[in-house]
Amino acid sequence: MAHIPHAMKWVLAAFLLAAVTLLVYWPGLTGGYLLDDESNLSALYSYGAVRDLDSLLFALGNGFAGPLGRPVSLVSFLLNESTLPASPWELKFTNLCLHAVNGALLFWLVACLSQMLEGSRRQAFSVALLAASAWVLHPLWVSTTLYVVQRMAILATTFSLLALLLFVYGRAVAVRGRPVRGVLLVAIGLGGFGSLALLSKENAGLLPMQMLAMEFFLFRSPQLRDRFGEPGRLYRGFVLIAFLVPALILLGWLAARLPIAEARMNLRGATMPDRVLTEARVMMEYLRLILLPTDRTPGVFYDHVRPSTGLLTPLSTLPSVIAVCALWVLPFLLRRRHALLAFGIGFFMISHLVETWFIALEYAFEHRNYLAALFLPWPLARLALSVRPRKLFSSRFLPMAATLVVLLLATLTFSRAVLWGQPLAQAEAWARINPQSVRAQGHVITLYMQAGRYEEAAQQAGIALRHNPDDPVLAVGAMQVACFTGTDGGWVERAEAALENRTIYAQYVYDVLGAILARIESGLCDVYDLQDLERLVLAVQRNPTFHLMRINKQYTYHLLGQIHLLQGNGDAAFQAYRSALQGHPGLAGVLRSAAMLAARGYPAYGLELLEMWKPGPGSISYRGTGKSVALREQRRAYLLAELERLKKVLREEVRQQAAQQAS
Numbered sequence: 105m106a107h108i109p110h111a112m113k114w115v116l117a118a119f120l121l122a123a124v125t126l127l128v129y130w131p132g133l134t135g136g137y138l139l140d141d142e143s144n145l146s147a148l149y150s151y152g153a154v155r156d157l158d159s160l161l162f163a164l165g166n167g168f169a170g171p172l173g174r175p176v177s178l179v180s181f182l183l184n185e186s187t188l189p190a191s192p193w194e195l196k197f198t199n200l201c202l203h204a205v206n207g208a209l210l211f212w213l214v215a216c217l218s219q220m221l222e223g224s225r226r227q228a229f230s231v232a233l234l235a236a237s238a239w240v241l242h243p244l245w246v247s248t249t250l251y252v253v254q255r256m257a258i259l260a261t262t263f264s265l266l267a268l269l270l271f272v273y274g275r276a277v278a279v280r281g282r283p284v285r286g287v288l289l290v291a292i293g294l295g296g297f298g299s300l301a302l303l304s305k306e307n308a309g310l311l312p313m314q315m316l317a318m319e320f321f322l323f324r325s326p327q328l329r330d331r332f333g334e335p336g337r338l339y340r341g342f343v344l345i346a347f348l349v350p351a352l353i354l355l356g357w358l359a360a361r362l363p364i365a366e367a368r369m370n371l372r373g374a375t376m377p378d379r380v381l382t383e384a385r386v387m388m389e390y391l392r393l394i395l396l397p398t399d400r401t402p403g404v405f406y407d408h409v410r411p412s413t414g415l416l417t418p419l420s421t422l423p424s425v426i427a428v429c430a431l432w433v434l435p436f437l438l439r440r441r442h443a444l445l446a447f448g449i450g451f452f453m454i455s456h457l458v459e460t461w462f463i464a465l466e467y468a469f470e471h472r473n474y475l476a477a478l479f480l481p482w483p484l485a486r487l488a489l490s491v492r493p494r495k496l497f498s499s500r501f502l503p504m505a506a507t508l509v510v511l512l513l514a515t516l517t518f519s520r521a522v523l524w525g526q527p528l529a530q531a532e533a534w535a536r537i538n539p540q541s542v543r544a545q546g547h548v549i550t551l552y553m554q555a556g557r558y559e560e561a562a563q564q565a566g567i568a569l570r571h572n573p574d575d576p577v578l579a580v581g582a583m584q585v586a587c588f589t590g591t592d593g594g595w596v597e598r599a600e601a602a603l604e605n606r607t608i609y610a611q612y613v614y615d616v617l618g619a620i621l622a623r624i625e626s627g628l629c630d631v632y633d634l635q636d637l638e639r640l641v642l643a644v645q646r647n648p649t650f651h652l653m654r655i656n657k658q659y660t661y662h663l664l665g666q667i668h669l670l671q672g673n674g675d676a677a678f679q680a681y682r683s684a685l686q687g688h689p690g691l692a693g694v695l696r697s698a699a700m701l702a703a704r705g706y707p708a709y710g711l712e713l714l715e716m717w718k719p720g721p722g723s724i725s726y727r728g729t730g731k732s733v734a735l736r737e738q739r740r741a742y743l744l745a746e747l748e749r750l751k752k753v754l755r756e757e758v759r760q761q762a763a764q765q766a767s
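Heads up: the sequence shown begins at 105 in the numbering used here, then just goes up one per residue.
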């Protein structure tokens, strides 16, 4: 390639890396949706096709995650298909293309940094290609790339890389004596691409701190300061304001949310200190998966992680805490002599500040390492290509070993992608790898049922309950399986005990109970009756956490109202729906309840329920965040108009009912 111009060689290398990434991941594109994919996408498309600006804004206002609504990610989903939820293949392919772009951007970024560092274009090219290949072909990112809704994490990384590229280039321009232009480029990167990253996923709010890490551990390292140069006073002042102030605001926001996070942890039966201790163990597991890659990981199921309740419970907690503390201190110790390693570790630790430590999210997910691990391969790649081997080895030994490592990573990624392309085989593998994961067991049971393999679903439910004998999710799931097989295994008693004593994941439990109720109503479930379901609902009401979770009250009383209606007990149904209204005064739910009462012959109760509703905070609920005032008012006007229409209909039904009784 000696005759190819230098810039063209870099472009060809980036395209080659992207092509290899597509090839390695290709078998995984045939997989299906996972976990919250379908529910989130159906929410996005729930208002029909995107035809114009108003319908686009309305769809974006139906955002489903994060305090900012993540509109950039939502736009990317809508670009796949604007009328119905796109096929999993199409959405996964877009994710894969973005992942390949991220690999190319990382190659370009590391190449620019390495050229400043090495002074040799050839060396910089080789180091960057090796580092970017090791990252983009790592098997751990399969669960990010092929999990549709993690488009958010991928896009946030894309825009963060673009912002970092402008940061590096702008700083270099300032070093060459053009500080105003340099500062402007950095500002465009941080304000423009940084904002797009933040609107893709909120953890991109760490970008100013990540840039500070690059400035402190890399550019201002005593070892490398002369090579990267001094950008001048204007640049230093800009960095102090533009990077440090947002970082302080973010840290203040995290501190302000600590009481909320603590309250959420308490609802889960843990405390914030428990979470911090647990996350130390999780961080060690992340590093193990990064440094010792494998094609066998828990995938998207980490609900089996049990909280640490003390430094010695479990025993791995104390060494994990010591290791994490060392990782926070190590970059400062390495900064003088091993700046690249210090930067890679510092960037990794800072990137985990939002999702890992003090926000009451799930304990672990593999995608949280996607952006964090960007620069971990760089010092290893430089070591492999610059260290002079001892006489025992030839000068090509380390480059060849590094190439073999990349091939191994690609092979493991291909193997994992093949499994991701076979949903049922993937679910079976996850169930074996994660016997303690309720979600993994529930996932394979669901796929068995979708395939009509009810006996296998029943067997898997029995196996899962042996590992998790008191879990309410598995117990009600086993009841649903029994509706199809016609054979009960004593699941009602077990489900009743679990619902009364264990923390309840409300949405899934009530969805399954609702599905069982629908089958009983249709005469398709001979194993259980309405009294069995009523027992379970009453067990939920006896749960100590019932009164702490408003959503539990709403779901429970709505379900109880449906049961009473099917039993022909309108008085009890009305009381249940009234309790639901008092617990959560959402107008949409009240309208549904009133319509159900009227449909079962109780229009007077339905009308009384509507008359009881009063507008107030939270009484007209909205799905998601980030809606404009116009869209909120449009939704409000629609619900209020529906309220008046239904009142008018029910008044007429009550009048007709009274006339019939009088005659």
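Think of the CB as a built atom: it goes at the ideal place given N, C-alpha and C, for glycine as much as any other residue.
Taking the alpha helix (DSSP H) that residue i falls in, what are its first and last residues?
i	result
C201	P192 to E222
S177	P175 to N184
H242	No alpha helix (DSSP H) holds H242; DSSP gives it neither H nor E.
E712	P707 to M716
G341	R337 to A346
R275	R255 to V279
G402	It should be noted that the sequence gives Pro, not Gly, for residue 402. P402 -> no alpha helix (DSSP H), and no H or E assigned at all.
S697	L691 to A703
Y552	V542 to Q554
T382	M376 to L395
I537	P527 to I537
L300	G298 to L302
R285	P283 to I292
D330	R329 to F332
R486	P481 to S490
G312	Here the sequence assigns Pro to residue 312, which means Gly is not the residue at that position. Residues L311 to A317.
L445	A443 to S455
Would you tell me roughly how many angstroms separate the C-alpha atoms of residue i and residue j, rounded to the nearest one?
i	j	result
S412	L139	26 Å
L396	R439	25 Å
F181	E142	12 Å
A204	L121	8 Å
H107	E222	For H107, the predicted structure reports a pLDDT of 41, less than 50, and the residue's modelled location is therefore unreliable. A value from the coordinates is still provided. Rounded to the nearest angstrom, the two C-alpha atoms are 22 Å apart.
V277	L269	12 Å
L437	A351	23 Å
E756	L750	10 Å
P719	V694	12 Å
R385	R472	15 Å
S177	D615	27 Å
M553	A561	6 Å
L551	A676	37 Å
L528	T515	22 Å
Y659	S264	40 Å
V580	Q765	43 Å
D378	F469	18 Å
Q563	D630	20 Å
S186	T261	With a pLDDT of 49 at S186, under the threshold of 50, the modelled position of this residue cannot be trusted; read the value that follows with caution. Cα to Cα, S186 sits roughly 25 Å from T261.
L511	V290	36 Å
G730	A301	In this prediction, G730 scores a pLDDT of 40, lower than 50, which makes its location untrustworthy; the coordinate-derived value is nonetheless stated afterwards. Between G730 and A301, the C-alpha separation is close to 16 Å.
G403	S247	6 Å
A267	A117	21 Å
N538	H408	7 Å
A619	L642	18 Å
P648	A602	12 Å
Can you give the beta carbon distance from residue i to residue j, rounded, assuming they're within the 8 Å contact cut?
i	j	result
A521	G132	3 Å
I258	N184	That belief does not hold up - the Cβ atoms of I258 and N184 are roughly 14 Å apart, past 8 Å.
K113	F229	7 Å
G710	L701	4 Å
M315	F271	5 Å
Y467	E383	7 Å
L617	L637	6 Å
Per DSSP, residue i forms a beta bridge with which residues?
i	result
G414	T417
Ordered list of alpha helix (DSSP H) runs contained in the segment 562-646, each at least 4 residues: 576-589, 595-605, 610-625 and 634-645
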